[in-house]
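Residue numbers (this note's numbering): 1 to 456.
Below, the structure is given as C-alpha cells:
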C-alpha cells in the first residue's frame, strides 16, 4: 500500500477522554516514592481499598517447604500418586490450573487440571491520564475467576499450560502473587504440558467448583502493591534514579515502529482496524533490554523448560549489568512478556522485581508534542518524552520516522520528453559503446577519478 508509506506511521490515540488527573507527584523527594500522589495512582489505591494488605495469613498445609516454585513433572506425579490433587476439603491439597485457551484445553490437558482461560487475564483500567490496556484484574474480576475454582486456604496451586508462549502462565502467576498468594502455595510446572507424556493427556474437562468454598481476595486480605509498579511510581523511580527497567522484548524494542498500538482504531473509514504505533520509542533513563526467549532452554526445538537459576542470573547480569541488588521493573509492550520476566526474577532468582502493567504501550503514548500527535496538554507533567528527566537520547517519534516514497524527477524538461528522446538509459549506453572514450583502454573509476560512494 504505497499510500501508507507516503503518510507515514499511524499514531495510536490514547483510549478514552483524558481525565486531567492531579499532578503525579506531591513533592520531589529523592530516595523513595512517598512523593507519589495517591490520587494519581488509581489502580493500586482502588485495589487496596477493597482488599487491604498485611492481614493474617490464611494459608495452611504447605505442601513441602523444600520444594521450589518451579517444579518438575516427577514432583507433580508424586502429588497425584499421593492423592493430593483435588483432594477433599479441609485437608492438604493440590489444584492444577491449565492456563490456556478453550481450544487447547479441550484438545488435551493433564488429568484433573482445571481451565484458567487466558482470555480476560488483563483488563482496561484508568491509571494516570488515560485508560491503559491489559492491566491487572480488579478484585471483582479476580474473585469471579476464583469462584469457578476449588482453591481454599489448604490449596497449593500448580500452574501449567498448553500454550507455547511463557507469558500466559506467567501472567496467572503474577495475578496470584499480586493478590497475596505466597510462593509456598504457588508452583509452576517446568516445561508446562509439553513435559508431560502426551499419551497421558485427557480431553475430559474438570469442574471442582462445588468441592470447597473458594477463597476471595478479601479473605486473603494481603494485596502486594510492591510487586507492581504503577505509572506515577515508575515515573518517580526513573526521575530519582532508583532501580532499573528491563524491557524483556529484548534489544531493538526501542527502534522506530517497534510498539504496535493496543486499541482497535479505524482511521480511514473501512472495516479494518489500522496498525497503529505509539507516539514515541526509545529507552527510559537507565533502561536495559533482555530477550525473554533466552530464559528457557530451547523453544525452537520444543523445549520450554527454564534454564537453571545460576545460568539465567549470569546471563542477565552479563547483558544488563544488573544483579538483583536494586529493584527491577519488568516491562514490555503490554506487560504480558513482562510477566515472564517477573516470574523468572521473583520465583527462580528471588530478585526484587515489579511488573510495570502499562509498559511501553502506555509510556510511549504520553506526549504533549502535538506536532508528533501527542495528545496531552502542552506542558503536562505526564509527558514522558523528556530526555532530561525520563528518556535517554535515543528517543524517536514514530511520526518523524515515516517512510517516504522516492519523488519523481521534478525536471519539467525530462517529463516533457518526446518518446523518441525519452529512452535515456539505452541511448547513453549506445553512445558510450560507439565512442572512443569508451574503449577498453579506459580504467574503471577509482576513489580519485570516479564515484565509488553511496551511489554505486
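Every residue gets a Cβ at the ideal spot worked out from N, C-alpha and C, and that includes glycine.
Measure the C-alpha to C-alpha separation of residue 116 and residue 232 and round it to an integer number of angstroms.
31 Å
Practice prompt. Using only alpha-carbon positions, find the residue among 337, 334, 104 that is nearest to residue 160.
Written response: 104
For residue 318, tell me which candidate among 241, 289, 202 has the shortest Cα-Cα distance. 289
TODO: Pick helix, strand or coil for residue 148, following the three-state DSSP scheme.
DONE: coil
- Would you mind sorting residue 110 into buried or exposed? The rule is 16 or more other CB atoms within 10 Å of its CB. buried
### Task
Specify the secondary structure class of residue 125 as computed by DSSP and reduced to three states.
strand
**Report entry** Contiguous beta strand (DSSP E) assignments of at least 3 residues, all confined to the stretch 124-211
**Finding:** 130-135, 155-160, 186-189
- Message: Please report the distance separating the alpha-carbon of residue 430 from that of residue 258.
- Response: In this prediction, residue 430 has a pLDDT of 49, which is less than 50 and means its spatial position is unreliable; nothing more can be read from the coordinates.
Problem set entry | For residue 390, the nearest candidate out of 284, 332, 338 (CA to CA) | 284
Margin query: Can you tell me which residues form a DSSP beta bridge with residue 289?
Written below: 247
Exercise for review: Determine which residues share a DSSP beta bridge with residue 228 and list them.
Suggested key: 355
Practice item. Within the same chain, show all residues whose beta-carbon is closer than 6 Å to that of residue 353, passing over the 5 residues directly before and after it, in chain order. Key: 328, 330, 342, 345, 346
Best match in 194, 134, 63, 379 for proximity to residue 338 [C-alpha to C-alpha] = 134
Range covered by the beta strand (DSSP E) that runs through residue 117: 114-117
Practice item. Give the secondary structure of residue 342 by DSSP, where H, G and I count as helix, E and B as strand, and everything else as coil. Key: helix
(Q) With a threshold of 7 Å on Cβ separation, who are the neighbours of residue 206 within its own chain once the five nearest residues in sequence on each side are excluded? (A) 112, 113, 114
Check: Considering only residues of the same chain and omitting the five flanking positions on each side of residue 14, which have a CB-CB separation below 7 Å?
Finding: 130, 365, 375
> Taking the Cβ atom as the reference point for each residue, do residue 174 and residue 99 lie within a distance shorter than 8 Å?
Replying inline: no
Practice problem: Leaving out five residues on either side along the sequence, give the residues of the same chain with a beta carbon under 7 Å from the beta carbon of residue 72. | Solution: 190
Practice item. Taking residue 81 as part of the beta strand (DSSP E), name the residues at either end of that continuous run. Key: Here residue 81 belongs to no beta strand (DSSP E); instead the alpha helix (DSSP H) covers 73-81.
Q. To the nearest angstrom, how far is it from the Cα of residue 310 to the Cα of residue 348?
A. 9 Å
query: Do you know how far the Cα of residue 225 is from the Cα of residue 107?
result: 37 Å
* Asked: Quick one, which of 286, 29, 46, 12 has its alpha-carbon nearest residue 230's?
  -> 46
- Query: Would you call residue 95 buried or exposed, if buried means 16 or more other Cβ atoms sit within 10 Å of its Cβ?
  - Reply: buried
- Item | Pairwise C-alpha distance: residue 59 and residue 141 | 21 Å
**Study point:** Inside the stretch 358-397 only - alpha helix (DSSP H) runs reaching at least 4 residues
**Key:** 359-363
Enclosing beta strand (DSSP E) for residue 348 [first to last residue]
Segment: none, residue 348 is in no beta strand (DSSP E) and carries neither H nor E.
Distance check for residue 82 and residue 147, CA to CA, integer angstroms please. 26 Å
| message | Let's test the definition: count the other Cβ atoms within 10 Å of the Cβ of residue 30 and tell me whether it reaches 16, buried, or not, exposed. | response | exposed
*With a threshold of 16 other CB atoms inside 10 Å of the CB of residue 32, please say whether the residue is buried or exposed.*
exposed
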